[in-house]
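> These protein sequence lines are chains A and B, in that order.
If you read the first sequence in our numbering, its first letter stands for residue 1, the second for the next number, and so on.
If you read the second sequence in our numbering, its first letter stands for residue 1, the second for the next number, and so on.
Beta carbons are placed, not taken as given, at the ideal position from N, Cα and C, and that holds for glycine.
Small disclaimer: the values here were computed from a predicted structure and weren't measured.
Following this message is one structure expressed as C-alpha cells.
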Amino acid sequence: MAYSEKLIDHYENPRNIGSFDKTAEDVGTGLVGAPACGDVMKLQIKVGADGLIEDAKFKTFGCGSAIASSSLVTEWVKGKTIDEAETIKNTDIARHLALPPVKIHCSVLAEDAIKAAIADYRAKAAKKDDKPDAAE
Amino acid sequence: MTAITQIRRNDQPIYLDYQATTPMDPRVLEAMMPYFTHKFGNSGSRSHAYGWEAEEGTERARAQVAKLIGADEKEVIFTSGATESNNLAIRGVAEFYKDRKNHIITTVTEHKCVLDTCRHLEQQGFEVTYLPVKQDGLLDLDVLRAAITDKTVLVSVMAVNNEIGVIQPLAEIGRICRENKVFFHTDAAQAAGKIPLDVEALNIDLMSISGHKIYGPKGIGALYVRRKPRVRLVPMIVGGGQERGFRSGTLPTPLCVGLGEAAEICMKEMESEAKRLKKLQERMLDGLRSRLTDIVVNGDLEHRIPGNLNISFAYVEGESLMMGIKNLAVSSGSACTSASLEPSYVLRALGVEEEMAHTSLRIGLGRFTTEHEIDTAVDELVRHVNKLREMSPLWEMAQEGIDIKSIEWAAH
C-alpha cells in the first residue's frame, strides 16, 4: 500500500512516545481500542494551571496508520485548551495523513483517544472539586 | 548463464516470501526458451514436425512431473495452476458422482480456492464438512474417521499449509480414505518438490501442483488423476478434448516444459536443499529467540517444511512491523487492511488468540536464501520489534505485570 510522506514520517519518527504518571491530577489518560482488533491507543495529556495542554504522550499497538494518527494528535493537542482539543475531528487527521479508506478507523480511534483522555482529566478535576475540604 | 545464487538485485529487499511465489530458476528458463521461438508448434498437430517437436517437449515434461510424485505420466494433466487443479479435482469429482454420493470432507485451514470451491458446491446442494485442526495445525485422524459417511465421495486435505507450513499426515489420511472407498485429493502446491510424495505409498487419488511454487513459471500447474482405481471427473473447460478430455485447450508448451524442468530439479536437489533450508530455519529461529522474548512459532515445528516460519511477535502489530522492516519482503498474518480487521483464518483455526494472530509474520525461505540474508533479517526484525515494543501500550502493561486479558476492552 502506498502511504503519504507525512504518514511515513510520523511512523518512522513518532513524536511524543512515552507515558505520564496516570494517577497525577494534571494528567488525563485515554486508552481505546482492543488487542483483538489489532489496535490499542494510549493517549495522555498534561494540563497546566492555565488550562492549556502543555504536553502529550502516546503509546500505540497497531498498524503504521494507527501509530501515525496518534503521533499526529499528540502534536495537535499541545498548546490547546481541552475544549479546543475536543474539537479535533477524525476527518482532519485522515486528510492530513492522506489515510487510505481502509485505514479511516485509525483516525477514528485517535479522535476517541483524545476524547477519552479529556474525559479522564475532567473526571479527576470534578472529583477534586467535590472535595474542597479534603486538602485543608 | 546467470549465476543461480544471484537472483535478487542489490537494490531489492531480501525475498522471504517463498510461500507466495518463487523466482524462476534460470535453468528452467533456459529449458523453456526454445519453445517460445523455433519450437513453437502446437503439440496437438500430428501431421508435421513442428507439432511432433512440441509434443516431445510436453510429454517429457509430463514424465518429469509424474516422476516427482511416483505417478504414471498418463495420470498427469496440465492446468493453469493449482487453483484450477483444485477446482477441477473437487468440482469434477463431485459432479461426476453426484447421483450416488454428495458429501465432501475438507479442513478449515485449506487454501481459499479449495474452501470457495466447496462453498459453491454447497450452494448447489452438496454437503460439505469442514474439519477443525488441532492446535499444532494438524488434522486429528479420529475426527476424520468419524466424519466419513456412506455418502462421502471425496476427502480434500492439503499436503502442506501455505501459511504455517505444517505437513498433514498424508499416509494415514490416504489409508483411511482407501479403507472407506473415498477418493483422496490433496492440494500439494506447497509440498510438491519440497517433501517426498509418492501417490502409491500415500494412496492419493488426485493431487494439485503449482509451477510457480517450485521455481517454475506462473500460469502452469498440474493435476494428478489416478487411473487404477480410476477416478472420473466432469471437465470444467471443454473443447478439443486435450488432456484426456479433462482439460481442453492447446497446451502452453514453454510453460509445460518449464514445469517439467522445475520438477526434475526439485527432485534431484530435494534432499540436500531440505537440509540446507533446515539449517537456515534454525539459524533464524535461534537468532530471534536469543535476542527477543515473547515470540511464538505458530503451527507444529517438527511436522513442517523447513522453508517456512510463522511467528507471532507479542505486543507488536504485524502490519506495522512489516512497514518497518522495509528491507525484508515477508507476509503478514494479520489482515488489518481488510475492512473486517480479521486476522488470518488459519491462525484462528489453530486457536491462536486474536491479539496474537495480529502480531504474526510469515517468513518463507527458499532456494536462493543465503545465511547472510538470514542474519540481516534477524538483525532487522530484532531492531524493529524492540522499537515497536517501546511504543506499545500492551508491552508496557505486560512489563508492569498487568494481565491484558483482565482489561475490559471496548471492541470497535
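Taking A:Ala56 as the reference, which of A:Ala125, A:Ala117 and A:Asp130 has the closest Cα?
Checking every option, the nearest Cα to that of A:Ala56 belongs to A:Ala117.
> By a C-beta neighbour count over all protein chains shown, 10 Å radius and 16 as the cutoff for buried, is B:Phe126 buried or exposed?
Buried: at least 16 other Cβ atoms inside 10 Å.
> Would you list the one or two residues that DSSP bridges to B:Val76?
Per DSSP, B:Tyr224.
> Quick one: is B:Asn10 buried, meaning 16 or more other Cβ sit within 10 Å of its Cβ, or exposed?
So B:Asn10 ends up on the exposed side.
> Per DSSP, what kind of secondary structure is A:Thr81 in: helix, strand or coil?
Of the three classes helix, strand and coil, the one that applies to A:Thr81 here is strand, per DSSP.
> Rounded to whole angstroms, what's the CA-CA distance from B:Arg383 to A:Lys127? Just pull it up for me.
For B:Arg383 and A:Lys127, the distance between alpha carbons rounds to 43 Å.
> Tell me where the beta strand (DSSP E) around A:Ala34 begins and ends.
Where A:Ala34 is concerned, the enclosing beta strand (DSSP E) stretches over Val27 to Ala34.
> Give the straight-line distance between the Cα atoms of B:Met207 and B:Gly240, rounded to the nearest whole angstrom.
Rounded to the nearest angstrom, the two C-alpha atoms are 24 Å apart.
> Helix, strand or coil for B:Tyr15 per DSSP?
Strand.
> In chain order, which continuous runs of the beta strand (DSSP E) of length 3 or greater are located wholly inside the region 28-115 of chain B?
Fully enclosed beta strand (DSSP E) runs of 3 or longer: 76-79 and 103-107.
> Please confirm whether A:Gly62 has its beta-carbon closer than 8 Å to some beta-carbon of chain B.
A:Gly62 counts as touching chain B.
> State buried or exposed for B:Val238, treating a residue as buried only when at least 16 other CB atoms are found within 10 Å of its CB.
Burial call: exposed.
> Quick one: is B:Lys101 buried, meaning 16 or more other Cβ sit within 10 Å of its Cβ, or exposed?
Buried.
> What is the DSSP secondary structure of B:Ile458, reduced to helix, strand or coil?
Within the shown structure, residues of chain B are numbered from 1 to 412, placing residue 458 of chain B beyond reach of any answer.
> Going by the beta-carbon positions, is the gap between B:Thr149 and B:His103 smaller than 8 Å?
Closer than 8 Å, so yes.
> Have a look at the DSSP bridge pairing and note the partners of B:Tyr130.
DSSP output for B:Tyr130 lists B:Thr106 as bridge partner(s).
> Let me make sure I understand the geometry here. Which of A:His96, A:Gln44 and A:Val108 has the alpha-carbon closest to that of A:Thr74?
The shortest Cα separation from A:Thr74 among A:His96, A:Gln44 and A:Val108 belongs to A:Gln44.
> Output, in sequence order along the chain, the residues in the region 29-47 of chain A whose CB is closer than 9 Å to any CB in chain B.
Here the close residues are Leu31, Val32, Gly33, Ala34, Pro35, Ala36, Cys37, Gly38, Asp39, Val40, Met41 and Lys42.
> If you reduce the DSSP assignment to three classes, tell me which class B:Gln135 lands in.
B:Gln135 falls in the coil class under three-state DSSP.
> Is there a Cβ of chain B sitting closer than 8 Å to that of A:Ser19, yes or no?
It does; some Cβ of chain B falls within 8 Å.
> How about B:His303: is its C-beta nearer than 8 Å to some C-beta of chain A?
Not closer than 8 Å to any Cβ of chain A, the Cβ of B:His303 fails to qualify, so no.
> Name the chain A residues that come within less than 7 Å of B:Tyr315, Cβ to Cβ?
By Cβ distance, chain A contributes Phe61.
> For the 8 Å Cβ check, are there 3 or more pairs between the region 103-116 of chain B and the region 130-140 of chain B?
Yes: the two stretches touch, three or more of their Cβ pairs being nearer than 8 Å.
> Using only CA atoms, which one of B:Ser360, B:Ala49, B:Val166 and B:Arg178 lies nearest to B:Val296?
Residue B:Ser360 is the option with its Cα nearest to B:Val296.
> Thinking just about the alpha-carbon of each residue, which of A:Asp83, A:Asn90, A:Glu5 and A:Val32 is nearest to the one in A:Gly51?
Per the Cα distances, A:Asp83.
> Can you list, in chain order, the residues of its chain with a C-beta nearer than 6 Å to that of B:Cys266? Leave out the 5 residues immediately preceding and following it.
Excluding sequence neighbours, B:Cys266 sits near Gly193 and Ile214.
> To which residues of the same chain is B:Ser248 closer than 8 Å at the C-beta, ignoring the five residues directly before and after it?
The answer, listed in chain order, is Pro235, Ile237, Val238, Gly239, Gly240, Gly241 and Gln242.
> For B:Met62, collect the residues of the same chain with a Cβ closer than 6 Å to its Cβ; drop the 5 residues on either side in sequence, then sort them by chain order.
The question names Met, but residue 62 of chain B is Arg in the sequence shown. So the qualifying residues of the chain are Glu73 and Val76.
> For B:Ala410 and chain A, any beta-carbon pair shorter than 8 Å?
Yes, contact with chain A.
> Can you pull the DSSP bridge partners for B:Ser210?
BP columns for B:Ser210 point to B:Gly221.
> Any Cβ of chain A within less than 8 Å of the Cβ of B:Leu394?
At least one chain A Cβ lies under 8 Å of B:Leu394.
> Going by C-alpha to C-alpha distance, which of B:Ile325, B:Ile164, B:Leu365 and B:Leu251 sits closest to B:Asn310?
The candidate whose alpha carbon is nearest that of B:Asn310 is B:Ile164.
> For B:Val114, tell me which candidate among B:Thr293, B:Ala189 and B:Glu56 has the shortest Cα-Cα distance.
Checked all of B:Thr293, B:Ala189 and B:Glu56; the closest Cα to B:Val114 is B:Ala189.
> Please confirm if B:Ile311 has its CB atom under 8 Å from at least one CB of chain A.
B:Ile311 does not count as touching chain A.
> Does A:Leu97 get closer than 8 Å to chain B when you measure Cβ to Cβ?
False, the Cβ-Cβ gap to chain B never drops below 8 Å.
> Among residues of its own chain, excluding the 5 on either side of B:Ile404, which ones have a beta-carbon nearer than 8 Å to its beta-carbon?
Counting only Cβ-Cβ distances below 8 Å, and skipping sequence neighbours, we find Glu355, Leu394, Met397 and Ala398.
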